[in-house]
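Numbering (our numbering), first residue to last: 79 to 413.
Note that the Cβ used here is the ideal one computed from N, Cα and C, for glycine as well.
Taking it in order: structure first as structure tokens, then the write-up.
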Amino acid sequence: MALNLSGRSVLTLLDFTSEEIEYMLDLSKNFKDMKRAGYPHRFLEGKNIVLLFEKTSTRTRCAFEVGGMDLGMGVTYLDPGSSQMGKKESIEDTARVLGRMYDGIEYRGSDQSVVEELAAKAGVPVWNGLTNEYHPTQALADILTMREEFGDTRGMKLTYMGKEQGNVSDSLMVICAKLGINFCSCGPKGDVEGATHFDPELLERCQEIAAQNGCTIQLTEDIEEGVKDADVIYTDVWVGMGQAEELWKSRIDLLSPYRVTPEVMAKANPGAIFMHCLPSFHDTQTTIGAEIAEKFGVTEMEVSDEVFESAQSRVFQEAENRMHTIKAMMYATLR
Ligand code: CP
79 MALNLSGRSV LTLLDFTSEE IEYMLDLSKN FKDMKRAGYP HRFLEGKNIV LLFEKTSTRT
139 RCAFEVGGMD LGMGVTYLDP GSSQMGKKES IEDTARVLGR MYDGIEYRGS DQSVVEELAA
199 KAGVPVWNGL TNEYHPTQAL ADILTMREEF GDTRGMKLTY MGKEQGNVSD SLMVICAKLG
259 INFCSCGPKG DVEGATHFDP ELLERCQEIA AQNGCTIQLT EDIEEGVKDA DVIYTDVWVG
319 MGQAEELWKS RIDLLSPYRV TPEVMAKANP GAIFMHCLPS FHDTQTTIGA EIAEKFGVTE
379 MEVSDEVFES AQSRVFQEAE NRMHTIKAMM YATLR
């Protein structure tokens, strides 16, 4: 069913109905098919978008750039140091300037309040490319990947391994509740230094949405219980973007039991897949990975290299799907 999302901002998927999310996912599949077939789809020729990144990125930036160019749009990238925003110019003034020049604005930064203020003042669609609270475009790509694997995802179970609250886990909890997918957060119940548990209001809201859609939100520290019946085992880095390096020691101590290993995968459903938003510390082939290995003697963190490289892993398909879903979202909101 074609829905009209024209002019809407995408700040959190809480703002969208199940039907609207399904519509963006259907559209994503269409765009993926067109791209694969080499079918031109410059449907937004003449439009321009700006990408504001206050934090680093590989997937999100490239997905917006390639997606925008495939749709025929002009794309401007502003890196963390090259705009006046927040330093010499308020968020409100920046939004009012960019909204007069561009048809859409992507923002990656810290506080959700910034992307909300941009959207309130810009007068054009604003897309959240990651804030401390939400990462909606990641969640869309994750569910597209699940759909490709399983077809209908309603009634399936996705288990997120590690600390509770994070922009990825929050967004997965929201999208699962909206789409009738059972969501489980499997991690320590006690305090994790420098991290929080799910915001009680968000949790309660997601539980209500889940009940309406015939699925559940499960929180457990028991790995057997968390992984049982899971169709997707998902994890993310233990120390997020912009968080203090001092957190590594306590996170490694607390979260190591929740590392996704072949033993963990074996407890999930037969046919279960492994997913990760990336980047991932699954070996020592990065500066940080090598430093952690030297300091703490740990050569793989949230996921073992064996699982990351296994036939069950869908991480690169998931990364590619960032582009198709972001393209669909831009098209739906700018058409
Ligand atoms: N998953 C994700 O957002 O990747 P980037 O940080 O590379 O954009």
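May I ask whether a heavy atom of ligand 1 can be found less than 7 Å away from the beta carbon of R329?
no
Just the C-alpha distance for D314 and G240, rounded to the nearest angstrom, thanks.
7 Å
Rounded distance between the beta-carbons of L356 and R137, thought under 8 Å
Contact between R137 and L356 is confirmed by a C-beta separation of about 7 Å, below the 8 Å threshold.
For L356, is the beta carbon positioned less than 7 Å from some heavy atom of ligand 1?
yes
Which of the three DSSP states is assigned to L332 in this structure?
helix
Have a look at E368 and Y101 and give me their C-alpha separation to the nearest angstrom.
Here residue 368 is Ala; the residue named in the question, Glu, does not match the sequence. Take the alpha-carbon of A368 and the one of Y101: they are about 42 Å apart.
Where Y336 falls, given that 16 or more other Cβ within 10 Å makes a residue buried:
buried
Going by DSSP, what residue range makes up the alpha helix (DSSP H) through V192?
Q190 to A200
Among V381, D361 and Y312, which residue has its Cα nearest to the Cα of S334?
Per the Cα distances, V381.
With hydrogens ignored, establish whether the beta-carbon of T231 is closer than 7 Å to any heavy atom of ligand 1.
no
Report yes or no: do three or more beta-carbon pairs, one from the segment 91 to 99 and one from the segment 116 to 125, lie closer than 8 Å?
The segment 91 to 99, when compared against the segment 116 to 125, does not touch it at the 8 Å Cβ threshold.
R114, buried or exposed, once every other Cβ within 10 Å from all chains shown has been counted against 16:
exposed
May I ask you to list the residues that DSSP assigns as paired with H354?
T313
From the DSSP output, which residues share a beta bridge with F131?
R186
When DSSP labels each residue in this structure, what does V88 get in the three-state scheme?
Three-state result, V88: strand.
Look up E143 in the DSSP assignment and give the residues it is bridged to.
None; E143 has no bridge partner.
Which class does I259 belong to by DSSP, given the choice of helix, strand or coil?
coil
Do the segment 139 to 148 and the segment 166 to 181 meet, that is, are 3 or more Cβ pairs less than 8 Å apart?
no
Measuring only the C-alpha atoms, how far is D269 from H275?
8 Å
What are the residues that DSSP puts in a beta bridge with K235?
Paired residue(s): N260.
Check for me: the beta strand (DSSP E) holding N399 runs from which residue to which?
That residue, N399, is in no beta strand (DSSP E); its alpha helix (DSSP H) goes V393 to L412.
Secondary structure of Q290, DSSP reduced to three states
helix
For Y155, the first and last residue of its enclosing alpha helix (DSSP H)
Not the alpha helix (DSSP H): Y155 falls in the beta strand (DSSP E), residues G152 to L156.
What does the Cβ neighbour count give for E194, buried or exposed, with the cut at 16 atoms within 10 Å?
buried
Below 7 Å, is the gap between the Cβ of R139 and the nearest heavy atom of ligand 1?
Yes - ligand 1 has a heavy atom lying nearer than 7 Å to the Cβ of R139.
Could you check whether the segment 212 to 231 touches the segment 399 to 408, counting it as contact only if at least three pairs of C-beta atoms, one from each stretch, sit closer than 8 Å?
yes
Please list the segments of the beta strand (DSSP E) lying wholly inside the segment 202 to 226, counting only runs of 3 or more residues, in order along the chain.
Runs of the beta strand (DSSP E) lying entirely within the segment 202 to 226 and spanning at least 3 residues, in chain order: 204 to 206.
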